[in-house]
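Student:
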Amino acid sequence: MADGDWTIELGELDVKMGVRILEQSAERVVATMPVEGNRQSFGLLHGGASVAFAEALGSWAAVIHAGPGRSAVGLDINATHHRSVRSGTVTGVATAIRLGRTIASHEIVVTDDEGNRLCTARITNLIVDAPGR
Numbered sequence: 001m002a003d004g005d006w007t008i009e010l011g012e013l014d015v016k017m018g019v020r021i022l023e024q025s026a027e028r029v030v031a032t033m034p035v036e037g038n039r040q041s042f043g044l045l046h047g048g049a050s051v052a053f054a055e056a057l058g059s060w061a062a063v064i065h066a067g068p069g070r071s072a073v074g075l076d077i078n079a080t081h082h083r084s085v086r087s088g089t090v091t092g093v094a095t096a097i098r099l100g101r102t103i104a105s106h107e108i109v110v111t112d113d114e115g116n117r118l119c120t121a122r123i124t125n126l127i128v129d130a131p132g133r
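Quick note on UniProt numbering: the sequence shown kicks off at 1 and runs consecutively.
1) If you pair each beta-carbon of the stretch 47 to 60 with each one of the stretch 107 to 125, do three or more pairs fall below 8 Å?
2) Distance, Cα to Cα, R98 vs F53?
3) How big is the Cα-Cα spacing for G67 and A49?
4) Rounded to a whole number of angstroms, what is the C-alpha to C-alpha distance between H65 and H46?
5) Where does E12 sit, in a helix, a strand or coil, going by DSSP?
6) Is there contact here, the stretch 27 to 39 with the stretch 67 to 77, by at least three beta-carbon pairs under 8 Å?
7) By how many angstroms is the C-alpha of G11 removed from the C-alpha of V29?
8) What does E27 pair with, by DSSP beta-bridge criteria?
9) Does the distance from the CB of A130 to the CB of S71 come in under 8 Å?
10) I need the boundaries of the beta strand (DSSP E) containing L99, first residue and last residue.
11) Let me check one thing: in DSSP terms, what residues is residue 134 bridge-paired to?
12) Output the distance between the C-alpha atoms of M17 and S84, rounded to the nearest integer angstrom.
13) When we look at the beta-carbon of D76 and count the other beta-carbons within 10 Å, is it buried (16 or more) or exposed?
14) So, are the CB atoms of R86 and V35 less than 8 Å apart?
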């Protein structure tokens, strides 16, 4: 099965955060998210928003890797915040570290409009049978 032969939808949180998927495959997902609406009380992009954004991208790639009838559930995520941003749009790039039969790991780099690295995250997902809806 080629990537993109089936459809997955953004989750409710992803929609509320304004996530837009630009490129998608099991090996690489690229997306954007506005800073506006995702700030903490001091006017900076909320660190939790950066981590949720990173998790969305890594999980999206893992679900594509899992394929139809399978899903991905997070086992571990860690993140380092390198710098802050007050406005604009951030871009996230999830790159596969390992795509196995039962485990998928991705590194996610979040940058600002000038290409400055804001956050580096790593997520490991377990590939499972998709739950019934």
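Glycine included, each C-beta is placed from N, C-alpha and C at the ideal position.
The structure presented is a predicted model; accordingly, all values stated were derived computationally and were not measured.
Tutor: A quick look at the data gives this:
1) Yes, they touch.
2) Whole-angstrom Cα-Cα distance: 20 Å.
3) Their Cα atoms are separated by approximately 27 Å.
4) When rounded, the distance between both Cα atoms is 29 Å.
5) Annotated three-state conformation of E12 is helix, per DSSP.
6) Between the stretch 27 to 39 and the stretch 67 to 77, the count of C-beta pairs closer than 8 Å stays below three; the two stretches do not touch.
7) A straight-line Cα-Cα distance of about 16 Å links V29 and G11.
8) Answer is none; E27 lacks a bridge partner.
9) Taking 8 Å as the Cβ cut-off, A130 and S71 qualify as a contacting pair.
10) Its beta strand (DSSP E) spans residues T89 to L99.
11) Look at the range of the chain in this structure, 1 to 133, and you will see that residue 134 is not part of it.
12) When rounded, the distance between both Cα atoms is 17 Å.
13) It counts as exposed.
14) It is a contact, given that the beta carbons lie within the stated cut-off.
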